[in-house]
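These notes concern the structure reproduced below.
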Amino acid sequence: MRELLSSSSSSSSPAAALRGFWEDVNESPAWQDGAFFSLSAAYALVSAVALIQLIRIQRRVPEFGWTTQKVFHLMNFIVNGVRAVVFGFHVHVFLLPTKVYKLVLLDLPGLLFFSTYILLVLFWAEIYHQARSLPTDKLRIIYVAVNSVIYVIQVCIWVYLGINDNSLVELVSKIFIVVVSFVALLGFSVYGGRLFFLLRRFPIESKGRQKKLYEVGTVTAICCVCFLIRCIVVALSAFDPDVSLEVLDHPILDLFYYMLTEILPSALVLFILRKLPPKRVSAQYHPIN
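First residue of the sequence shown: 843, per our numbering; consecutive thereafter.
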């Protein structure tokens, strides 16, 4: 009997030690500062890269207005810059006395990230529709309408939470973020996939075919994975407080989540799409009216 008890305690001690270490890490101010300041620095770097690329594009084609490419880099600069500031002041953000303010500071950049990358879906949709001789005049209207509906619903949720801090509405808010992420995942799957297979049917000797295949295929895969991870993690956090992303004492979880769903995807996409536009007007270079 003693041997059985001894065996049981020895087998459970590593798990208990690991659990104790994990709790110490989560509650350690040093680990929290390290994780969130690292996120802040990474976001600031990506934001600076997006700004530099925007300046390079503007110097290359100053005669054009706000093209899709310029708006994409500007929004990347804003989204990553806001994230850098939020995580730079993480102690104040996570300990805000009014919970809805914390939710706004953490969720709003995520919505802006959605709007930024859906611009790529819009761009690809326009190219695909033009190649198939389909109308493109309603695509931008759909983009604006979808974004407007999403922001109006989210603002209504925040206003209600500000008036009445209701756990059910907070759950609805997280589920809504999951739905928004799924919309992005669906958009990249549909139009990224369509454009990829359309390019594959072009003659092999077509100029730039291989490069465009690589760009569309890689960016589609990166964005699909990023929004899929966002869907899964946010859905889990909605029902399991141990996976919550809105608390100070989950620094490692936050570090990996934001690295995998925003920082790495943004850095990779900016690198893949780093080529400057040609100085003359291109058929694939669309100004935003």
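Even glycine gets a Cβ: it sits at the ideal position worked out from N, Cα and C.
Owing to the predicted nature of the structure, the values given are computational and were not obtained by experimental measurement.
Notebook entry, point to check: Sorted by chain position, which residues of the same chain lie with C-beta nearer than 6 Å to Tyr1100's C-beta, five sequence neighbours on each side aside?
Noted result: Answer for Tyr1100: Leu881, listed in chain order.
Next item on the list: Mark Thr940 as exposed unless 16 or more other C-beta atoms lie within 10 angstroms of its C-beta, in which case mark it buried.
Entry: Sixteen is the threshold: since fewer than 16 other Cβ atoms of the shown chains lie within 10 Å of the Cβ of Thr940, the residue is exposed.
Next item on the list: Give me the Cβ distance between Ile1074 and Tyr885, rounded to the nearest whole Å; I'm assuming they're in contact under 8 Å.
Entry: About 22 Å; that fails the 8 Å criterion.
Item checked: Own chain partners of Ser1015 with C-beta closer than 6 Å, once the 5 adjacent residues on each side are dropped -> Ile999
Checklist line | Outcome for Lys912 when other beta-carbon atoms lying within 10 angstroms are tallied against a minimum of 16 | finding: buried
Next item on the list: Mark Gly907 as exposed unless 16 or more other C-beta atoms lie within 10 angstroms of its C-beta, in which case mark it buried.
Entry: exposed
Notebook entry, point to check: In the structure shown, what three-state DSSP assignment does Thr909 receive?
Noted result: Note: Thr909 maps to strand in three-state DSSP.
Note to self: Are the CB atoms of Leu1041 and Leu1055 within a distance shorter than 9 Å?
What the structure shows: yes
Notebook entry, point to check: How would you label Glu968, buried or exposed, when you count the other beta carbons within 10 angstroms and need 16 or more for buried?
Noted result: buried
Notebook entry, point to check: Quick one: what's got a C-beta closer than 6 Å to Phe965's C-beta in the same chain, skipping five residues either side?
Noted result: Thr910
Notebook entry, point to check: Beta carbon of Phe1030, beta carbon of Val963: below 9 Å?
Noted result: Yes, these two residues count as a Cβ contact at 9 Å.
Next item on the list: Under the assumption that Pro1119 contacts Ile899 (Cβ atoms under 8 Å), give the Cβ distance between them as a whole number of angstroms.
Entry: Going by Cβ atoms, the distance from Pro1119 to Ile899 rounds to 6 Å, so yes, they are a contact pair.
Item checked: Cβ pair Asn814, Ala892 closer than 9 Å -> Absent from the structure is residue 814, since the part of the chain shown begins at 843 and ends at 1131.
Item checked: 6 Å Cβ shell around His1208 - same chain, five flanking residues per side excluded -> This structure cannot settle anything about residue 1208, because the visible part of the chain is limited to 843 through 1131.
Notebook entry, point to check: Helix, strand or coil: which one does DSSP assign to Arg1116?
Noted result: coil
Next item on the list: Please report how far the alpha carbon of Tyr943 lies from the alpha carbon of Gly952, in whole angstroms.
Entry: 15 Å
Item checked: Nearest to Gly1059 (by Cα), restricted to the options Leu1110, Ser1009 and Pro904 -> Leu1110
Note to self: Tell me the rounded alpha-carbon separation between Lys1121 and Leu1037.
What the structure shows: 25 Å
Margin query: Please give the ranges of any alpha helix (DSSP H) in the region 966-1030, keeping only runs that are unbroken, at least 4 residues long and fully inside the region.
Written below: 981-1005 and 1009-1029
Notebook entry, point to check: Among residues of its own chain, excluding the 5 on either side of Gly930, which ones have a beta-carbon nearer than 6 Å to its beta-carbon?
Noted result: Ser882
Notebook entry, point to check: Less than 9 Å separating the beta-carbons of Val1076 and Ile1019?
Noted result: yes
Check: Tell me which same chain residues have a C-beta within less than 6 Å of the C-beta of Ser1023, skipping the five on either side of it?
Finding: Phe1069, Arg1072 and Cys1073
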